[in-house]
Every structure is written in structure tokens, then in C-alpha cells.
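In this text, residue positions in the sequence shown follow the numbering used here: the first is 5, and each later residue adds one. Data first, discussion second: the structure below is written as C-alpha cells.
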Amino acid sequence: NKVPGVRAAVVSDTFSARSTRQHNDCNVLCIGERVVGGGLALDIVDAWLGAAFEGGRHAARVAKRDALLP
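In C-alpha cells form, the structure reads like this:
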């Protein structure tokens, strides 16, 4: 997350994948090959792509994080 505009998250379940999009506005998904099987990886990607940033109370935190990068 040191690259401006990149908000990455490491996930290993669908709940976390969905939450990273909804609460942190993540735009890069990282999945460990040795940790997550193929079927679960597809479910994670579907959950992540299907979620949208909720804004609201989460927007202030995202703005603070983005302000730290040049």
C-alpha cells in the first residue's frame, strides 16, 4: 500500500474479501496460493467483485490513509 492509489488486502475467506471492499475501498486482492484452494479462490473473487465501497463512516478512515501517501 505504498504506491499511491493502490489499496491491497490479503484475504483467505469471502467475509474478509467483501469487508475489504465495503469498509476499506481496496482495489487489489491478494490470495495465497498455498492457503486457499481453487474453489474457494473463485468464491473470494466473486464476493470481492460483488461488493462496493459503502463510504459513510468508512470514508474518513480511507481519506486519512490516502493523505499519508504523496
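Glycine included, every Cβ here is placed at the ideal spot set by N, Cα and C. Bear in mind the structure is a predicted one, so any value in this text is a computation, not a measurement.
To the nearest angstrom, how far is it from the Cα of residue i to the Cα of residue j?
i	j	result
V14	C34	5 Å
D50	V40	14 Å
G60	G36	31 Å
L44	R38	12 Å
K154	L46	Summary: the structure shown does not reach residue 154, with the chain confined to residues 5 through 74, and so no result is reported for it.
Identify, in the order they occur along the chain, each residue of the same chain with its Cβ nearer than 7 Å to the Cβ of residue i, setting aside the five sequence neighbours on each side.
i	result
D29	R11, F57 and V66
Within the same chain, show all residues whose beta-carbon is closer than 6 Å to that of residue i, passing over the 5 residues directly before and after it, in chain order.
i	result
A21	V15, I48, A51 and W52
S55	The sequence shown places Ala at residue 55, not Ser. Taken in chain order, the residues that qualify are R22, R25 and Q26.
Measure the CB-CB distance between residue i and residue j and report whether it falls below 8 Å.
i	j	result
L73	P8	yes
First and last residue of the beta strand (DSSP E) that includes residue i?
i	result
L33	V32 to C34
Along the chain, where does the alpha helix (DSSP H) that runs through residue i open and close?
i	result
V66	R61 to A71
Residues in its own chain within less than 8 Å of residue i by CB, not counting five upstream and five downstream?
i	result
K6	L73
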